[in-house]
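J.: Can you keep this structure in mind? I'll have questions shortly.
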Amino acid sequence: MSAAAKATLVGKSVLRKEDGPLLRGQGKFAADINFPNQLYMRVVRSTYAHGNIVSVDLAPALAIPGVVAAWSFADVAEIPPIDFRLTRLEQLAAYRQTILAKDKVRYVGDPVAVVFAEDSILPKMPPSMSKSR
Numbered sequence: 004m005s006a007a008a009k010a011t012l013v014g015k016s017v018l019r020k021e022d023g024p025l026l027r028g029q030g031k032f033a034a035d036i037n038f039p040n041q042l043y044m045r046v047v048r049s050t051y052a053h054g055n056i057v058s059v060d061l062a063p064a065l066a067i068p069g070v071v072a073a074w075s076f077a078d079v080a081e082i083p084p085i086d087f088r089l090t091r092l093e094q095l096a097a098y099r100q101t102i103l104a105k106d107k108v109r110y111v112g113d114p115v116a117v118v119f120a121e122d123s124i125l126p127k128m129p130p131s132m133s134k135s136r
């Protein structure tokens, strides 16, 4: 789009084609898509803003009927850390984040474990399965 074309849009209403179905309750979301034998996943997140992970106990989750699997960092250690979007500077390599917290949590909500179940019983999950200090 040219600079002139962009300038003609500033301050003007733009027709948005995607809004109609959403406003009528006809939007499609990931939670609306179902498949036979699908599993539901819940991410168990840190309740601490910063801390060292002492342990992650998956047993309480695995004891819930319908839970098929529960993973912590040890189960996904071979997956490389997430690269930064705009750059792959080697100087930043130490700050890349693993998909599940490894030795420490960095913020409230940092993913610590994931639990997979046959139905949406996941709200019954314990709020925290990890111990941090």
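Numbering of the sequence shown is given in my numbering, commencing with residue 4 and proceeding in unit increments. Note that the Cβ used here is the ideal one computed from N, Cα and C, for glycine as well. Quick caveat, the model's predicted, so the values are computed rather than measured.
1) Whose C-beta lies closer than 6 Å to the C-beta of A72 among residues of the same chain, with five residues either side of it excluded?
2) Using alpha carbons as the reference points, say which of F38, R99, A66 and V117 lies closest to F87.
3) Strictly by DSSP, which residues pair up with K107?
4) Do A33 and S75 have their C-beta atoms within less than 8 Å of each other?
5) DSSP puts Y43 in a beta bridge; with which residues?
6) For K105 and N55, which I take to be in contact (beta-carbon distance under 8 Å), what is that distance rounded to the nearest angstrom?
7) Using the Cα positions of D35 and A66, report the straight-line distance between them to the nearest angstrom.
8) Looking at the strands, I want to know which residues DSSP matches up with Q100.
T.: Walking through what the data contain:
1) Sequence index remark: in the sequence shown, residue 72 carries index 69 (1-based). Closer than 6 Å at Cβ, skipping near neighbours: F119.
2) For this step, residue 87 is matched to residue 84 along the sequence shown. Nearest option by C-alpha distance: R99.
3) Stepping through the sequence shown from its first residue, residue 107 is reached at position 104. DSSP lists N55 as partners of K107.
4) By 1-based counting over the sequence shown, the position of residue 33 is 30. By 1-based counting over the sequence shown, the position of residue 75 is 72. No; because the gap between Cβ atoms is not below 8 Å, this pair is not in contact.
5) Indexing the sequence shown from 1 puts residue 43 at position 40. Bridge partners of Y43: A120.
6) The residue labelled residue 105 in the question sits at position 102 within the sequence shown. The residue labelled residue 55 in the question sits at position 52 within the sequence shown. Actually they are not in contact, since the Cβ atoms of K105 and N55 sit about 10 Å apart, beyond 8 Å.
7) The residue given as residue 35 occupies position 32 in the sequence shown. The residue given as residue 66 occupies position 63 in the sequence shown. Looking at the two C-alpha atoms, the distance is approximately 28 Å.
8) Here residue 100 refers to the residue found at position 97 of the sequence shown. In DSSP, Q100 forms a bridge with I85.
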